[in-house]
Amino acid sequence: MSAVMVAKKVTRKWEKLPGKNTFCCDGRVMMARQKGVFYLTLFLIIGTCCLFFAFECPYLAVHLSPAIPVFAIVLFFFVMAMLLRTSFSDPGVLPRAQPDEAMYIEMEIEAANGNVPSGQRPPPRIRNVQINNQIVKLKYCYTCKIFRPPRASHCGICDNCVERFDHHCPWVGNCVGKRNYRYFYLFTLSLSLLTIYIFTFDIVHVVLRSVSDGFVQTLKETPGTVLEVLVCFFTLWSVVGLTGFHTYLVLLNQTTNEDIKGSWSGKNRVQNPYSHRNIVKNCCEVLCGPVYPSVLDRRGLMAELSSSPVMISDAKNYIPDLQTTKTTAPLIPNEQTPEEAKPPLQYRTEEATEPKQSPTVQELPAVDIPPASLTDTAPAKEQVF
Ligand SMILES: [Zn+2]
Ligand SMILES: [Zn+2]
């Protein structure tokens, strides 16, 4: 048996992922780092439902219908399932470029820009793609070192680029993006129904008992009712309002990010290239379209190399790790030729893991836009992400 350089230990990829996400259950659960507001959401939902089941349901089941608590239980579990599905899943995080990929992109950009005289500001890093006959500009992310795909944006809290980024929601403790938007929408919709349901039957319960026992006596016997009514009343406006806003976004196939930035409105009057101009088709695409797989492969195995000699018999389970080996041996720019170079990360990952986006999406020749065209004088049908 000879001494060779072998894997020191095999780890899951989530342990080495950059960004500010936290993982548990061996990488199965992925969330943002700040989770305090998420625990408050859990506390409010579970607490209010427990009070409803303890104080209202026994009386309503006997005097009105046993279906009332049954429906409340079903709705409660649906709300919790949608909340946890939104909170614990990968919202569509894009992996950062490996050092050699980042170097290739840098070389491409420098070759396209030419030599920028010192003291002058380099032109913005933008690529053009055509989507439904409309030019869309893809911005370069200096943190992830990739050109963001259309509709992607970098979340400052999670420190990652997220596909079809909607917003970062502290109430669910996660970003809302391409992979969990439908669950987030169903969560807000079902929570609105649950809040209205509990609020309504709180009032019905108080009215029914007040007829026989008197109003004051009813409040004394069911002290949780007042608390429930208050929580539901204040929750109602915000949750129902949020659901209405997201229903409007779903009907137009827009994201919150695009709405806040005014991407498809404002002085340029740019048409949303992702909208089908049909609310039913937009709903079907956003809520019933395919669920895309995560491109992070966060439970995949990777091995760290060790320089200490280890018996080769111990190394039979060694799994070579491209990520580690690449970082230890960066390419020298002058040695990299176009034939050896790989395409940029975002195109590789999408081709490898997802079906082709849309036949109407095509990349335009790498023409850099002069800075002047990014200002108010930009053509009417152009949009920057
Ligand atoms: Zn980024
Ligand atoms: Zn985030």
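In terms of my numbering, the sequence shown has 330 at position 316, counting the first letter as 1, and numbering is strictly consecutive. Cβ atoms here follow ideal geometry from the backbone N, Cα and C, with glycine treated the same way. These numbers were taken from a predicted model, which means no experiment stands behind them.
Sequence-ordered residues whose beta carbon comes within less than 6 Å of a heavy atom of ligand 2
A46, C169, I171, C172, H182 and C189
Say the cut is 7 Å; is the CB of N35 nearer than that to a heavy atom of ligand 1?
no
I'd like to know whether the C-beta atoms of K34 and R47 end up nearer to each other than 8 Å.
yes
Look at the alpha carbon of E70 and the alpha carbon of G258, and state the distance between them as a whole number of angstroms.
28 Å
Is S271 near ligand 1 - that is, is its Cβ less than 7 Å away from at least one heavy atom of it?
It is worth fixing the name first, because residue 271 is Asn in this sequence and not Ser. Not so, every heavy atom of ligand 1 lies at least 7 Å from the Cβ.
With DSSP as the reference, please indicate the residues paired to L403 in a beta bridge.
A question about residue 403 goes unanswered here, because the residues of the chain that appear run from 15 up to 399.
According to the Cβ coordinates, are I212 and T62 closer than 8 Å?
yes
Classify F69 as helix, strand or coil using the three-state DSSP reduction.
helix
I want to check one thing, is the minimum distance from the CB of C155 to the heavy atoms of ligand 1 below 7 Å?
yes
Could you tell me which residues DSSP pairs with R26 in its beta bridges?
L315
How long is the line joining the alpha carbons of V186 and L256, rounded to whole angstroms?
14 Å
Using 7 Å as the cut-off, classify the Cβ of C175 as near or not near the heavy atoms of ligand 1, replying yes or no.
yes
Please report the straight-line C-alpha distance between R139 and V107, rounded to a whole angstrom.
21 Å
Run through DSSP, which three-state label would V218 get?
helix
Going by the DSSP bridge assignment, what does A46 pair with across the sheet?
N35
Identify, in the order they occur along the chain, each residue of the same chain with its Cβ nearer than 7 Å to the Cβ of L207, setting aside the five sequence neighbours on each side.
L89
Cut-off 6 Å between Cβ atoms - residues of its own chain near T270, not counting five sequence neighbours on either side:
D180 and H181
C38 CB to nearest heavy atom of ligand 4 below 7 Å
Among the ligands present in this structure, namely ligand 1 and ligand 2, ligand 4 is not found.
Between the CA atoms of H260 and T25 - distance to the nearest angstrom:
39 Å
Below 8 Å on the Cβ atoms is my contact criterion, and I expect F219 with L74 to pass it. Report the Cβ-Cβ distance as a whole number of Å.
The question names Phe, but residue 219 is His in the sequence shown. 6 Å between Cβ atoms; contact.
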